[in-house]
Each structure stands twice: as C-alpha cells, then as structure tokens.
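Student:
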Amino acid sequence: MPSKGVQVFTYIGVAGVSIELSVPKQTEVRNQVNQFWNGNFEVDAKNIDSFFNKTGRFTFKVKQNGNLITEQWIDVNAITGNASGGTMDSIASTPAVITGNGIIVTYGFYESGPGHNLLPSRHQCYIAVTPNYTDWMGKLAPPGSPQENKPFTRLVLPAAHDVGMNSMQSSELVLRKLGGAIVETMINDNRILSEITDAVSGPAIQLIAPNIIFSLAITQKDNLETMLRIGARYFEFRPAHCHKAIIPAQALPDRLYFQHSAIPGMAYEEFLRDVVTFLTKNPTEIIVVQLRWDGVPNECARPSDQEQRDYLNAALKLANGGIVAGNLDDLRRSTIAQLRRDKKRLIMLVNVDSLSTYTDAGNATLNGDSIVSAFPTVLTADNQRGKGFINIQLQATATNIPKAIVYSVLEAGTMTSCIMATKGICDSKTLPWCRDNVLRVCDLGNLVVLMNDFIDGATADVGVQLSRQRLAK
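Numbering (this note's numbering), first residue to last: -2 to 470.
#1: Can you tell me which of R230, L253, N279, P(-1) puts its alpha carbon nearest to the alpha carbon of I76?
#2: Pop quiz: V3 and V26 are said to be a contact at Cβ under 8 Å. What is the actual Cβ separation, rounded to whole angstroms?
#3: For Q203, does the three-state DSSP call read helix, strand or coil?
#4: Within a Cβ cutoff of 7 Å, which residues of the same chain sit near L325, ignoring the five residues on either side of it in sequence?
#5: Where does V20 land, buried or exposed, given buried means 16+ other C-beta within 10 angstroms?
#6: What is the DSSP secondary structure of T332, counted as helix, strand or coil?
#7: Within the continuous alpha helix (DSSP H) that includes I184, where are the two ends?
#8: Taking the alpha-carbon positions, what's the V272 to K43 distance?
#9: Please tell me whether H257 and A298 are closer than 8 Å, where the distance is taken between their beta carbons.
#10: Using 10 angstroms around the beta-carbon of A12, count the other beta-carbons present and answer buried if the total reaches 16, otherwise exposed.
#11: Taking only the alpha-carbon atoms, compute the straight-line gap between T96 and I124 and give it to the nearest angstrom.
#12: Measuring CB to CB, does K470 end up less than 8 Å from I333?
#13: Beta-carbon within less than 8 Å of G323's beta-carbon, same chain only, minus the 5 sequence neighbours each way: which residues are those?
#14: If you draw a straight line from the alpha carbon of D307 to that of R119, how long is it in whole angstroms?
#15: Count the C-beta pairs between the region 225 to 241 and the region 283 to 298 that are closer than 8 Å, then say yes if the count reaches three, no if not.
#16: Out of curiosity, what's the CA-to-CA distance linking K136 and T223?
#17: Measure the alpha-carbon distance for A80 versus M417 and round it to whole angstroms.
#18: Could you tell me how far apart the beta carbons of Y355 and V285 are, in whole angstroms, since I believe they sit closer than 8 Å?
#19: Using the C-alpha atoms, what's the distance from V369 back to Q32?
#20: Could you work out which residue in S168, K1, L175, G460 is closest to K51 when comparing CA atoms only?
#21: Could you give the DSSP three-state label for W34: helix, strand or coil?
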C-alpha cells in the first residue's frame, strides 16, 4: 500500500513537558529533557479506514504536566504525498507559541511533495519546547552576582541569520508596483537566474516571482520581538537603500532596508526601534548588532557614516538616555556589570573581522555533515587569535545547490522552502556538536555566536547552557 513519511525532530528544554506525535495507528510520546531526537512516522494507506479518501493526519501535541499547551496538525495524502490544510499549511502560519507560564514552542514544517532530486522525500517537522528567554542574561548573571563581574565575552549568543528577511511585506509591495519582471534585478545573481531560466521562460518567471523570492530569501518567520523572547541576542543587518531600478517606482519609502542581494526586507529604523524598546523593557539584557554589506549590489546605495549615526541616534532617543551605544572595545574589554553600569547595552559593530565557520562549499549541504566536519578545522586556537568574536554558523545554504533551487522555485508552495527543508536535519547534528565541544574549543576570551535560520528554542537553549558553563570558569 502507498504511504508517505514524516521525519520529526524534537528538543525539550523544560522539565515536565511532553510532545505527543501521531499519524493514523502510530503514536509516540517524547519527554526526555535536553535530548535531540528524530524519528520517522508513516502515513500509510492501509492504516486509513476510508476506502476512497487516503488522507491521514499528522499531529503533535505539547503538554506540560498533562495540560495541553498547543496542538498543531496537517493532513497528508498517502497516495500523492501532498500535505495541505490544518494549522501548518504555510511557513507563515507557524509562528512561535509563547505561553503564559514561561514556555516557548518553536516549530516548522516542510512539505516534500513526492520528493525531488536531492531534497528530502519525507515531510520534515521540527519542534522545540524551551523556557521563555526574554531575560536570560539577567537570570544567568543577576546584578550584584559574581557572574555579572565576568567578561561579557564569556557569553554564547544565539543569533538569527538574516534577521531582516522574516516576511515578504517589503518585497510584495515592490512586486505589486513593478510586476514580476523586477525579480531578476532583485535576485541579482546570474548563477541562480540561469538555473531558473533554463527550466522556464521569462514570462513564467514573472508569474512565480513571489515564490522565487520566498524560496531563496526568507530565512526567519517570527517578528523581532519574538526572536528576542526566544533568546536571540546577536544580529547582523545589511542596511542599504533599495536598488536604483526600484526607487523611482516609489513602491517603498526611500529609506534603509535589510537587503538580501537586492531583495528588500525589514526597515532598518524599525529594527533599531524594536531593539531599543526591548532593551528599555529588559534592563539586564545586552544586544550585539553587526552591520555588514556582503552580497549587497552597488546599485543599492549604502548609508554614509552620518546616515548610520542619524538612524541610531533616532532610535536611542526612545530610551531617554537610558541606553548608550557601545563598540568593539567595550565588547572585548568590559564585564557584564560594566556594560550595564555604563548603559552600553547595545553594542554596534561595523564590518568587524570575526572568525566565521561559514564557507560557500561547506554550508551548501542538505544533510549538515560538511558543516559539522568543518567546525574543528576552523575553530583552532590560531584561527581565533586576534578576531573580534567567533561566529558559528549552523544554517545550511541549500540555495547554493542548483537542483534544490530549481525545485524550490518551480514547485514552490507555502511550505516548500529549500531553506526549511534542511532545518531539522542540520540542527540535529550541528547543535549537539556545539553543546559538546564549544566549551573545549572556543577561547574564553572570545564572544561566541550561534547563528541559525528560523531561530528556535533549541539553538537558544544550547547558547544559554554554554553561557552558564563559561561563566562558571
């Protein structure tokens, strides 16, 4: 009988929590704390009683001490393999669940369809249940504690990769005004465009322009406030004006936006405003922001030094003097207590030379093996010496794999991002490695960043636990 598989990845960071996973006539409950687990579930036609309708439901329920926190589900056709309907029928409809009892559930679902080329043939679902980390620095290093007097560089900061690409709002406004033809300008990558145009005509590309952008550029799905509550404390932002071919249409105000190539995302002033607002509400927390422009085409005008200062000063005014921008020297030389005392809880960096584990070849993977194998070769004592900080990049860049690009674009739906396809698989390998090795291989004098797509509770929990261990040294 035909069947369709669902591969599930779970992580629980809170005692008393269970995750119940089920498909027709198959149920499993996970309740082990601090374990990365993955297993396969089969929506099998023989287990579906209806003779004509061979659709079965994949469901997960999160409970704490027996009380239901959230239930999510989607219907899977055992014959066609398609998944549709339910609460997980689009990536945008799977935001983090923030409960009133100090728990956050982060999850995501990738629809594999019948399976194509190198991409997974099974649907993918990841689930992490972790504490609400809105004030994790305050709890790890409370004011007046010995931990607060340790160097800030002892911390391991969870980070959202390409934080500004968390929605299609800006891109949709551009497409609405200029039409799908502008997508070639926005992608600004001849290699990717050639792979797509080899498969479809120019007019067809224009019709599927939103799918192209979504599949290649959307790397987050929660708003910034939620990312901060999940535990993210480091962000890289690429602020620039829109491409010179976009500005005349006035689809967007001529301001600074996060630019993924020439695809506009979150407005820079919105990002800074939300960061300052969060810091004002949470006086023990410290956020690091790094401005970079790698991959941004020259046709997207970069801000002058004065323009950068103007944006930052406008945001800092919201704090009424309660927050002052710090720099790399503050990051490298100050204790947590000193940064709080000096009000330098927003560290602003510009093109700082960091040690990054990312390589185009190593991170262009669908299973994460090459990422993990690169960690020990990159994170050597010699490589760390003289760097501003260490950036361990956990995310795979399946968009660098041509066959993955073509499928993700041509058959893209609301759940078929090739970025989401690799999330659970890679995290189940990269995060355990970091948990078990960062304390040993990363110098205590260097701040460590754990960067990931679709920032989740497991990434945050590993960062917080490593911070606790490094503060104890």
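We treat Cβ as the ideally placed atom computed from N, Cα and C, and that holds for glycine. Nothing here was measured: the structure is a model prediction, and the numbers come from that model.
Tutor: Taking the structure as given:
#1: Checked all of R230, L253, N279, P(-1); the closest Cα to I76 is P(-1).
#2: Cβ atoms of V3 and V26 stay farther apart than 8 Å, at about 16 Å.
#3: Reduced to three states, the DSSP call for Q203 is helix.
#4: L346, V349, G385.
#5: V20 should be labelled buried.
#6: In this structure, T332 counts as strand in the three-state DSSP scheme.
#7: Per DSSP, I184 belongs to the alpha helix (DSSP H) from 180 to 184.
#8: For V272 and K43, the distance between alpha carbons rounds to 52 Å.
#9: Against a cut-off of 8 Å, the Cβ pair of A298 and H257 comes out as no contact.
#10: Result: exposed.
#11: One Cα belongs to T96, the other to I124, and the distance between them is close to 15 Å.
#12: Not closer than 8 Å, so no.
#13: Hits under 8 Å: S331, L336, D339, K341, R342, L343, I344, M345.
#14: Their Cα atoms are separated by approximately 49 Å.
#15: Segments in contact, yes.
#16: So the alpha carbons of these two residues sit roughly 19 Å apart.
#17: Approximately 15 Å between the Cα atoms of the pair.
#18: Going by Cβ atoms, the distance from Y355 to V285 rounds to 17 Å, so no, they are not a contact pair.
#19: So the two alpha carbons sit approximately 18 Å from each other.
#20: Taking the Cα of K51 as reference, the smallest distance to any Cα among S168, K1, L175, G460 is reached at K1.
#21: If DSSP states are grouped into helix, strand and coil, W34 belongs with the strands.
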